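First to last, the sequence lines map onto chains A and B. Each residue of the first sequence is one higher than the one before, counting from 1 in full-length UniProt numbering. Each residue of the second sequence is one higher than the one before, counting from 1 in full-length UniProt numbering. What follows is a set of notes on a single structure, which appears directly below.
There are 2 protein chains.
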Amino acid sequence: MKPTPTSSSIEDYVKVIYSFTEWQDKPITSTQLAARLGVANSSVSEMVRKLKDQDLVEHEPYSPIRLTRSGLRLALSMVRRHRLLETYLVRELGYTWDEVHEEAELLEHAVSETFIQRMADKLGNPTRDPHGDPIPDADGHITMPPSHRLDELDAGHRGRVSRISDHNPELLRYLDEHGIGVDTELEIVGRRPFGGTLEVLAAPAGSKDMDRAVRLDLGDEAAVSLWVVTDGSHPGCTVQELTGGSLMSPHTASP
Amino acid sequence: MKPTPTSSSIEDYVKVIYSFTEWQDKPITSTQLAARLGVANSSVSEMVRKLKDQDLVEHEPYSPIRLTRSGLRLALSMVRRHRLLETYLVRELGYTWDEVHEEAELLEHAVSETFIQRMADKLGNPTRDPHGDPIPDADGHITMPPSHRLDELDAGHRGRVSRISDHNPELLRYLDEHGIGVDTELEIVGRRPFGGTLEVLAAPAGSKDMDRAVRLDLGDEAAVSLWVVTDGSHPGCTVQELTGGSLMSPHTASP
DNA sequence: CCTATTATTTCGGTGTACCTAAATAAATTA
DNA sequence: TAATTTATTTAGGTACACCGAAATAATAGG
Chain A
1 MKPTPTSSSI EDYVKVIYSF TEWQDKPITS TQLAARLGVA NSSVSEMVRK
51 LKDQDLVEHE PYSPIRLTRS GLRLALSMVR RHRLLETYLV RELGYTWDEV
101 HEEAELLEHA VSETFIQRMA DKLGNPTRDP HGDPIPDADG HITMPPSHRL
151 DELDAGHRGR VSRISDHNPE LLRYLDEHGI GVDTELEIVG RRPFGGTLEV
201 LAAPAGSKDM DRAVRLDLGD EAAVSLWVVT DGSHPGCTVQ ELTGGSLMSP
251 HTASP
Chain B
1 MKPTPTSSSI EDYVKVIYSF TEWQDKPITS TQLAARLGVA NSSVSEMVRK
51 LKDQDLVEHE PYSPIRLTRS GLRLALSMVR RHRLLETYLV RELGYTWDEV
101 HEEAELLEHA VSETFIQRMA DKLGNPTRDP HGDPIPDADG HITMPPSHRL
151 DELDAGHRGR VSRISDHNPE LLRYLDEHGI GVDTELEIVG RRPFGGTLEV
201 LAAPAGSKDM DRAVRLDLGD EAAVSLWVVT DGSHPGCTVQ ELTGGSLMSP
251 HTASP
């Protein structure tokens with residue numbers, strides 16, 4: 001419960017802890033956190049102690065890690081930075097959606113609050129980034145679209161792609177080559193679970209041609225996450241993560 | 001003479017070493033370097049050893065520090081980053097010239113080469129930044145305008161402001177309030193050296209009104225540096241630093 | 001030329017964020 | 001439930017970039 005000298009590592013920890021609960025509500029464990037940050041478990045233990053000292057997380061030994069109110073505030077401000085930066089890079093500097101993640105990852109720790117605000121103004125305060133993720137506002141309010149898991153959708157289901165995870169550039173390029181992006185209308189034409197892997201076949205709406213359908217091979221553990229709107233009406237409704245985790249009800253986060 | 005894992009500290013050291021010799025040619029000493037970086041002398045000694053190991057500087061104990069060819073290359077790339085960022089922030093994000101320095105200082109360590117290039121393209125590969133400083137090209141070539149020291153100019157001399165140091169926001173705001181910026185036409189209406197300080201009175205060209213002239217009180221030690229073109233013809237000719245150091249001949253640096 | 005002053009380097013330490021290996025707690029399963 | 005496996009934390013150590021204080025070299029003054 002001390003002051004708050006924040007560092008770029010701290011920002012990363014908090015952001016990852018937040019992200020883990022963005023689309024499902026189980027809190028993250030040390031090991032998962034270590035894996036996502038690419039550091040050793042022991043580093044996490046140590047750092048979590050520090051985060052707790054600064055009142056950014058709640059944590060009892062051997063139990064999962066949860067953000068406090070002020071941890072959530074910090075996390076949402078990092079998420080806002082990241083997503084605004086991605087939007088800006090795509091709209092103003094001609095980046096493609098598969099390039100932006102890494103660059104934003106570095107920049108989010110370096111830019112000032114002024115920079116963020118000027119950028120947001122110039123972009124017209126967007127509420128979704130190029131991957132379809134919601135952008136928190138300056139006060140840390142974020143509205144998650146209501147959602148269902150893609151792996152619960154039946155063949156024949158149509159909808160718009162609402163969101164595609166920005167973590168796998170290779171997947172993004174693959175989807176791009178097949179004409180799939182945010183807001184693309186899709187239809188689930190088939191599905192085949194096997195060997196712990198869920199395979200979803202999707203094609204531009206209307207096509208029933210299984211051979212020409214995009215084959216999405218979805219391992220567990222966050223390898224891939226594609227999101228699909230379950231009704232074709234408005235963008236930004238009824239989406240849910242493909243990989244791991246249980247179905248959760250729609251929610252809104254704010255500090 | 002080892003490989004080259006660069007860090008943001010190393011980048012700062014090298015950039016400051018370069019800057020010191022940009023407008024005069026005496027090499028920097030440990031103490032001066034420490035002062036400009038805001039670190040202790042002992043930190044500089046240590047770091048300079050490391051820079052030498054990486055073949056970025058030449059240095060014999062107790063003598064001044066000079067960049068090697070590869071040190072100069074790195075320095076010019078940092079200067080390019082910094083000046084392009086300043087230009088971009090002013091032109092694209094509505095920063096004023098007195099705000100940009102700090103922001104660029106942070107960003108220059110974080111952005112990728114791709115980012116720099118896209119930014120440069122969008123700006124049309126400018127060769128001067130908002131303060132009038134020359135921007136090195138992608139190959140590390142920079143052309144310094146030929147120059148005379150402002151403190152050698154006589155009263156009555158007219159010219160355009162070619163360059164104003166970006167290190168003192170307060171000065172920049174002061175000048176701005178008095179309508180002085182890069183490319184403003186000025187006339188030296190008087191001068192008064194006293195107590196180790198040089199005072200220059202300048203006014204918009206034509207005005208002979210000493211009272212309404214801008215009074216520039218120029219201490220030594222890099223407190224202020226204003227640059228004035230000594231002839232009104234083209235921008236980018238005959239400029240020189242105001243503070244400390246001896247007159248040097250025009251030169252061009254490149255790695 | 002020798003001494004006093006100033007510049008520079010060396011030495012012993014600090015905080016941050018990592019790591020591996022060892023110890024301990026929790027969960028699984030036999 | 002006891003034993004094994006897995007998760008987590010603790011212990012001991014590293015690299016980086018910094019610091020103040022002490023030692024040493026260079027410079028300036030008498």
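The beta-carbon is built from N, C-alpha and C at its ideal position, and this holds for glycine as well. Nothing here was measured: the structure is a model prediction, and the numbers come from that model.
(request) For B/Lys122, return the contacting residues in chain A, with the cut-off set at a CB-CB distance below 9 Å. (result) Per Cβ cutoff of 9 Å: Glu92, Leu93 and Gly94.
(request) Please report the residue range of the alpha helix (DSSP H) in which A/Val90 lies. (result) Arg69 to Leu93
(message) Beta-carbon within less than 7 Å of B/Asp129's beta-carbon, same chain only, minus the 5 sequence neighbours each way: which residues are those?
(response) If we look at B/Asp129 and ignore the five residues flanking it on each side, its Cβ neighbours are Arg83, Glu86, Thr87 and Ile135.
(request) To the nearest angstrom, report how far apart A/His167 and B/Glu113 are at their CA atoms. (result) 21 Å
(request) Could you tell me whether the stretch 8 to 19 of chain A touches the stretch 66 to 75 of chain A, where touching means 3 or more Cβ pairs closer than 8 Å? (result) Taking 8 Å as the limit for Cβ pairs, the verdict is that the stretch 66 to 75 of chain A does touch the stretch 8 to 19 of chain A.
(request) Determine the DSSP secondary structure at A/Ile28, reduced to helix, strand or coil. (result) strand
(message) My assumption, with CB atoms under 8 Å, is that B/Arg81 sits in contact with B/Val111. Please give the rounded CB distance.
(response) 7 Å
(request) Could you work out which residues of chain A lie near B/Glu103, taking near to mean beta carbons separated by less than 7 Å? (result) Ser112 and Phe115
(message) So, for B/Asp98: in the same chain, excluding its five sequence neighbours on each side, which residues have a beta-carbon less than 7 Å away from its beta-carbon?
(response) Pro169, Leu172, Arg173 and Asp176
(message) Once DSSP output is grouped into helix, strand and coil, what is the label at B/Thr184?
(response) coil
(request) Quickly, what does DSSP pair B/Thr114 with across the bridge? List them, please. (result) Answer by DSSP bridge pairing: none, since B/Thr114 is not bridged.
(request) Just the chain B side, please: which residues come within less than 7 Å of A/Arg118 by C-beta, in chain order? (result) Leu93 and Gly94
(request) Locate the alpha helix (DSSP H) running through B/Ser45, then write down its first and last residues. (result) Asn41 to Asp53
(message) With DSSP as the reference, identify every bridge partner of A/Pro134, one or two as the case may be.
(response) According to DSSP, A/Pro134 bridges with A/Arg128.
(message) Strictly below 7 Å CB to CB, what residues from chain B border A/Leu85?
(response) Per Cβ cutoff of 7 Å: no residues; A/Leu85 is ~11 Å from chain B at best.
(request) Compare the Cα-Cα distances from A/Gly63 to each of A/Met78, A/Ser45, A/Tyr18 and A/Asp55 and report the closest residue. (result) The amino acid at residue 63 of chain A is misidentified as Gly; the sequence shows Ser. Here the closest residue by C-alpha is A/Ser45.
(message) Quick check on B/Glu105: does DSSP put it in helix, strand or coil?
(response) helix
(request) Can you give me the start and stop residues for the alpha helix (DSSP H) that B/Tyr13 sits inside? (result) Ser8 to Phe20
(request) Find the nearest neighbour of A/Ala120 within the set A/Ala35, A/Glu108, A/Asp137 and A/Glu58, judged by alpha-carbon distance. (result) A/Asp137
(message) Can you tell me whether B/Leu247 is buried or exposed? The criterion is at least 16 other CB atoms within 10 Å of its CB, across all chains shown.
(response) Confidence in B/Leu247 is poor, its pLDDT being 22 and thus under 50, which makes the residue's placement too unreliable to answer from.
(message) With H, G and I counted as helix, E and B as strand and the rest as coil, what does DSSP make of A/Glu58?
(response) strand
(message) Considering only DSSP beta bridges, list what A/Thr96 is partnered with.
(response) Paired residue(s): none; A/Thr96 is not in a bridge.
(request) Taking only the alpha-carbon atoms, compute the straight-line gap between B/Met47 and B/Val57 and give it to the nearest angstrom. (result) Distance between the alpha carbons of B/Met47 and B/Val57 is about 11 Å.
(request) Name the residue from A/Ser30, A/Val79, A/Pro27 and A/Thr31 whose alpha carbon lies nearest to the alpha carbon of A/Thr143. (result) A/Val79
(request) Say whether chain A places a C-beta atom closer than 9 Å to the C-beta of B/His178. (result) no
(request) Report the residue from B/Lys26, B/Val90, B/Leu106 and B/Phe115 whose alpha carbon sits nearest the alpha carbon of A/Glu102. (result) B/Phe115
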